[in-house]
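Chemist:
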Amino acid sequence: MTAVCPVRAALRARGLTLPDPPAPAGGYERVRLVRGMGVLSGQFPLRDGRLGFIGRVGAELTEAEGHAAAELAALNVLAQLDAALRGFSRLAGLLRVDGYVASAEGWVRQPAVLDGASALLVAALGERGRHARAALGVPRLPLDAPVELVVSFVAAEAGCG
Amino acid sequence: MTAVCPVRAALRARGLTLPDPPAPAGGYERVRLVRGMGVLSGQFPLRDGRLGFIGRVGAELTEAEGHAAAELAALNVLAQLDAALRGFSRLAGLLRVDGYVASAEGWVRQPAVLDGASALLVAALGERGRHARAALGVPRLPLDAPVELVVSFVAAEAGCG
Amino acid sequence: MTAVCPVRAALRARGLTLPDPPAPAGGYERVRLVRGMGVLSGQFPLRDGRLGFIGRVGAELTEAEGHAAAELAALNVLAQLDAALRGFSRLAGLLRVDGYVASAEGWVRQPAVLDGASALLVAALGERGRHARAALGVPRLPLDAPVELVVSFVAAEAGCG
């Protein structure tokens, strides 16, 4: 009998699978875990090593595309957690998501875009995926990405989750 | 005999009272607390559910208005802590305040604005309100707010504080 | 016999010495440490109390100057840790570096600039200097600095490190 991982099952129900976790863009770690405190490096809407969306929301991209980009970045958050913790059983819970949205001048609906990330994290991780959030708008992000997610979490012990 | 809460007393001495904590603007938690590590979602200068100040410091708003907006956002930080911890007795101490200031182009006095938040937090919470801080300027913030505060803290046990 | 501090030795090998830790620019702490969780206030490329580099990367400054500015800001990170922990022996490890780069419009190579900070932190602190990182671009930073580093860490017990 194979144990079913509820995180993968929840993703499958949305037609999603966990990708390989993206490599760092410089001299830092994908995930850093010290004494149970975990932090992920900034995650972008990458798919197979390339940005799935490029540019600013409200300019090159619509709000719906920004929402989809936030969801894709959150999928990479899940992939990084899975790789770093070897499954989700050691995840005690997410803490905070700082969500940066590359925004056209004067465009201020960043929270609506970031709900794409928040919804996926909670759908996949349940209670443990709940998080505080800070929404920020910036003119441009590295790589010209529309969204960057910066996530902290707490790690625990054993079992698939 | 009623115990006097020193935090409320300190606020009263400044003519302030704790408001109701603002509701989230999307699918996330006001405050997240996992194994004693606490984080608050981004707090804005909201009063009765509406922004008390709108726009950018150095453009639509003066530095003094920015300072007042930072103080109002810090009052909401205190309201969120009070609601999440059911009083301040379980607060071991604040850790960091990331303060984002919506700034006119070329305007770089963000630290002076954020002192409005830092002063209130220390006045209300004493030693436990001390914090590290990062000041950042951005062109616009969600809702067209002038200030957003992102606060982390450590939680402990019992007693009014 | 004098114990040799490997951090200072690693810096010396690069022709660097630990400066005095810069003073805060307002009503906050240089470093805040609560129950082992540590955070540093935003660090800038200051040298003897003045910015060693001023302006935006891709505009007033070249990418190479931005890289040097990030290294200088990281040297101040080390100075703050040394002062707060009275040496590096109580440092369990860095967690995350949020690196903000003041960027010309459309300039998106922030990770290359921040590698100047990451490389120094790992060279000086070894395994304990490894960190997750988030790279962000903003139009301007406080003081018109090109780089601001926001660092979190975990503290432990005794010995020079």
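Residue numbers (this note's numbering), protein chains in the order written: chain H, 2 to 162; chain Y, 2 to 162; chain C, 2 to 162. Cβ coordinates follow ideal geometry from the N, Cα and C atoms, glycine included.
For E72(Y), which residues in the same chain have their Cβ closer than 7 Å to its Cβ, ignoring the five residues on either side in sequence?
Modeler: Answer for E72(Y): G117, A118, L121, listed in chain order.
Chemist: Considering only their Cβ atoms, is the gap separating G43(Y) from P143(Y) smaller than 9 Å?
Modeler: Going by C-beta atoms, P143(Y) is nearer than 9 Å to G43(Y).
Chemist: For G37(H), which residues from the same chain have a beta carbon less than 7 Å from its beta carbon, with the 5 sequence-adjacent residues on both sides left out?
Modeler: Excluding positions up to five away in sequence, the list reads V155, A156.
Chemist: Distance check for V123(H) and L19(H), CA to CA, integer angstroms please.
Modeler: Using only the alpha carbons, I get a separation of about 15 Å.
Chemist: Taking Cβ to Cβ, would you say R33(Y) is nearer than 9 Å to R141(Y)?
Modeler: No, the Cβ-Cβ distance between R33(Y) and R141(Y) is not below 9 Å.
Chemist: Given H68(C), which residues of its chain have a CB within under 6 Å of its CB, disregarding the five upstream and five downstream residues?
Modeler: If we look at H68(C) and ignore the five residues flanking it on each side, its Cβ neighbours are V114, G117.
Chemist: How is G39(H) classed by DSSP in three states: helix, strand or coil?
Modeler: G39(H) falls in the strand class under three-state DSSP.
Chemist: Residues of chain C with CB under 8 Å from L142(H), in chain order?
Modeler: Those within 8 Å of L142(H) in chain C are V109, L137, G138.
Chemist: In chain order, what residues of the same chain have a beta carbon less than 6 Å from the beta carbon of A70(H), not counting five sequence neighbours either side?
Modeler: If we look at A70(H) and ignore the five residues flanking it on each side, its Cβ neighbours are P46, F54, P147, V148.
Chemist: Can you check the region 52-124 of chain H for any beta strand (DSSP E) of at least 3 residues that lies completely inside it and give the ranges in chain order?
Modeler: Fully enclosed beta strand (DSSP E) runs of 3 or longer: 92-103.
Chemist: Just to confirm, are V109(H) and D99(C) a CB contact at a threshold of 9 Å?
Modeler: In this structure, D99(C) does not lie closer than 9 Å to V109(H) by Cβ.
Chemist: Determine the chain Y residues that contact S104(C) at a beta-carbon separation under 9 Å, and present them in chain order.
Modeler: Correct list: empty, because the minimum Cβ distance to chain Y is about 12 Å.
Chemist: What does the Cβ neighbour count give for A24(Y), buried or exposed, with the cut at 16 atoms within 10 Å?
Modeler: So A24(Y) ends up on the exposed side.
Chemist: Confirm, please, whether the CB-CB distance from R97(C) to V135(C) is below 9 Å.
Modeler: In the sequence as displayed, the identity of residue 135(C) is Ala instead of Val. Taking 9 Å as the Cβ cut-off, A135(C) and R97(C) qualify as a contacting pair.
Chemist: Among P7(Y), V35(Y), A133(Y), A11(Y), which has the Cα closest to the Cα of R129(H)?
Modeler: For the residues P7(Y), V35(Y), A133(Y), A11(Y), the minimum Cα distance to R129(H) belongs to V35(Y).
Chemist: Counting only Cβ pairs nearer than 9 Å, list the residues of chain C close to P147(Y).
Modeler: Per Cβ cutoff of 9 Å: no residues; P147(Y) is ~15 Å from chain C at best.
Chemist: Sort V5(C), V40(C), A26(C) by Cα distance to G94(Y) and report the nearest one.
Modeler: For G94(Y), the nearest C-alpha among the options comes from V40(C).
Chemist: Are the C-beta atoms of P112(C) and some chain H residue less than 9 Å apart?
Modeler: True, the Cβ-Cβ gap to chain H drops below 9 Å.
Chemist: Going along the region 114-129 of chain Y in order, which residues come within less than 8 Å of chain C, judged by CB to CB distance?
Modeler: If the cut-off is 8 Å between Cβ atoms, the region 114-129 of chain Y has L115, D116, S119, A120, V123 near chain C.
Chemist: On the DSSP letters alone, give me the boundaries of the beta strand (DSSP E) that V5(H) sits inside.
Modeler: Element bounds for V5(H): n/a, residue is neither H nor E.
Chemist: Chain H partners of G67(Y), CB-CB under 9 Å?
Modeler: Per Cβ cutoff of 9 Å: no residues; G67(Y) is ~17 Å from chain H at best.
Chemist: Got a sec: which bits of the region 22-34 of chain H sit with their beta carbon under 8 Å from any beta carbon on chain C, in order along the chain?
Modeler: Hits within the stretch, in order: P25, A26, G27, G28, Y29, E30, R31, V32, R33.
Chemist: Got a sec, what are the start and stop residues for the beta strand (DSSP E) R141(Y) sits in?
Modeler: Looking at the DSSP string, R141(Y) is not in any beta strand (DSSP E), and its letter there is neither H nor E.
Chemist: Out of A75(Y), E30(Y), G50(Y), V102(Y), point me to the one whose CA is closest to E61(Y)'s CA.
Modeler: The shortest C-alpha separation from E61(Y) is found at V102(Y).
Chemist: What does A133(C) reach in chain H if we use C-beta pairs closer than 8 Å?
Modeler: Here the neighbours are Y29, E30, R31, V32, R33, V40, L41, S42.
Chemist: Please confirm whether D49(H) has its beta-carbon closer than 9 Å to some beta-carbon of chain Y.
Modeler: Output row for D49(H): interface = no.
Chemist: In three-state terms, what does DSSP make of R15(H)?
Modeler: Coil.
Chemist: Identify, in the order they occur along the chain, each residue of the same chain with its Cβ nearer than 6 Å to the Cβ of G162(H), setting aside the five sequence neighbours on each side.
Modeler: With a pLDDT of 40 at G162(H), under the threshold of 50, the modelled position of this residue cannot be trusted; read the value that follows with caution. Closer than 6 Å at the Cβ level, and outside the excluded window around G162(H), lie F89, S90.
Chemist: Between R97(C) and chain H, is the shortest Cβ-Cβ distance under 9 Å, so that the two count as touching?
Modeler: True, the Cβ-Cβ gap to chain H drops below 9 Å.
Chemist: Under a three-way DSSP split, which group does R33(H) fall into?
Modeler: R33(H): strand per DSSP, three-state reduction.
Chemist: Give me the Cβ distance between A26(Y) and A125(Y), rounded to the nearest whole Å; I'm assuming they're in contact under 8 Å.
Modeler: That belief does not hold up - the Cβ atoms of A26(Y) and A125(Y) are roughly 25 Å apart, past 8 Å.
Chemist: How would you list, in chain order, the residues of chain H whose beta-carbon sits under 9 Å from the beta-carbon of V151(Y)?
Modeler: In chain order: R97, D99, A133, A135, L137.
Chemist: Under three-state DSSP, which class holds R129(H)?
Modeler: Looking at R129(H) - three-state DSSP - the assignment turns out to be helix.
Chemist: Does DSSP put F154(C) in a helix, in a strand, or in coil?
Modeler: F154(C): strand per DSSP, three-state reduction.
Chemist: So which residues of chain Y does G94(H) contact, with C-beta pairs closer than 7 Å?
Modeler: Correct list: V35.
Chemist: Please identify the residue among A14(H), D21(H), G16(H) whose C-alpha is closest to the C-alpha of D165(H).
Modeler: There is simply no residue 165(H) to check, as chain H begins at 2 and stops at 162 in what is shown.
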